[in-house]
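Colleague:
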Amino acid sequence: MTSITKQTLPAEWRDFFALTKPRVMTLVIFTGICGLLAAPGNLHPVLAFTAILCIALGAGGAAALNQWWEADLDAGMKRTAKRPLPGGRMRREDARDFGILLSVASVVTMGLAIGWLAAAILAVSIVYYAVVYTIWLKPRTPQNIVIGGGAGAFPPLIGWIAVTGEVTAMPVLLFAIIFFWTPPHFWALALFVQSDYAKVGIPMMPVVRGERSTRRQILGYALLLVPIAISPWLIGGTGAIYGVSALLLSLTFVALSIPVAFREAVEGDRMTPEKRLFAFSIIYLFALFGLLVFDRVAAYQHWPLPGVTS
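First residue of the sequence shown? That's 1 in full-length UniProt numbering, and the numbers climb one at a time after it.
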């Protein structure tokens, strides 16, 4: 890790907000809420809000630490060059301190307000992303996003534990869905931005193993995702609304992965199948977890929100 030399301008609140990676945060918050609402049991609305806020703050803190560590790498990639640190709008130490503050505050608040098991899992998720993935895996192995995918899979697990206070098969399956969804989602993106990763020496799968291997692995993970996505239904944790919808969504995921897997990119190719798969992968996860909650709510005659009580 070296120091960027661009002159630093005074940071605004927008720059600190950008450090939390708001686009990624949206998915983190959504899956965390879904895990909380789908869990059996009840949680007061104020405590439910607190739990989701802690998940969001923890994710934001980890993202800030990620950008603090990778500021020079971000400066070398077109996709990330305008972030606050490579853009020269913030001091590196401020980003580091901001990330630590959010991370510590989220874990302590979760522990005091909700429970220390949820707080411990939240702490693990922060360390997983900021240290295991960012510092250790990402610069060293093309399997970085495979193993590192666990970092983004924690929110529904934490949301579930916030309500139940225990780890059972269902939240583990929710974790597994995101874990196995991450490689095809991220590699679809990596295929059309691989020149950025190659330029700064990050060993993403398309750069190290080549496009053909990456494309085949995208299809392989999409196929693995089918039984994993419907497993909550198979173990009786959800009803048919979720089960049938998850099957159809997952088969569509596979169908969109096939043209990605069995085609050769040519010079000037805009990689439409890859972009289509990447876009659908986001819709897929939002739909899957939304259906999880809908299925859970539909099981109640009077349609109360599970996981939250007044």
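Here a beta-carbon is modelled for each residue, glycine too, at the ideal position from N, C-alpha and C.
In this text the structure is predicted, and so the values were computed from the model without any measurement.
Going by C-alpha to C-alpha distance, which of G237, T214, K78, G111 sits closest to P142?
Modeller: Answer by Cα proximity: T214.
Colleague: Return the CA-CA distance between T252 and F175, expressed in angstroms with no decimal places.
Modeller: If I take the Cα positions, the gap works out to 21 Å.
Colleague: Secondary structure at N42, three-state DSSP: helix, strand or coil?
Modeller: DSSP places N42 in coil when its eight states are reduced to three.
Colleague: Report the three-state DSSP secondary structure of E166 (helix, strand or coil).
Modeller: The answer is coil: DSSP assigns E166 none of H, G, I, E or B.
Colleague: Quick check: what's the CA-CA separation for D15 versus G88?
Modeller: Cα to Cα, D15 sits roughly 10 Å from G88.
Colleague: Inspect the beta-carbon positions of G99 and A151 and report whether they are closer than 8 Å.
Modeller: Not a contact, by the Cβ cut-off of 8 Å.
Colleague: Return the CA-CA distance between I121 and A39, expressed in angstroms with no decimal places.
Modeller: Computed Cα separation, rounded: 16 Å.
Colleague: Check whether the Cβ atoms of A71 and R92 sit closer than 8 Å, and answer yes or no.
Modeller: Closer than 8 Å, so yes.
Colleague: Taking 7 Å as the limit between beta carbons, can you name the residues of its chain near S245, skipping five residues before and five after?
Modeller: Only L291 meet the Cβ criterion.
Colleague: Using a Cβ-Cβ cut-off of 6 Å (strictly less than) and excluding sequence neighbours within five positions of P273, which residues of its own chain qualify?
Modeller: If we look at P273 and ignore the five residues flanking it on each side, its Cβ neighbours are P259, V260.
Colleague: I283 lies in the alpha helix (DSSP H); which residues open and close that run?
Modeller: Its alpha helix (DSSP H) spans residues 272 to 298.
Colleague: Cutting at 7 Å between CB atoms, please list the residues of its own chain near W225, excluding the five before and the five after it.
Modeller: The sequence shown places Leu at residue 225, rather than the Trp named in the question. The residues are F180, W181, S250, F253.
Colleague: Using only CA atoms, which one of I202, L189, F186 lies nearest to L137?
Modeller: Nearest of I202, L189, F186 to L137, Cα basis: I202.
Colleague: Using the C-alpha atoms, what's the distance from S281 back to T164?
Modeller: So the two alpha carbons sit approximately 29 Å from each other.
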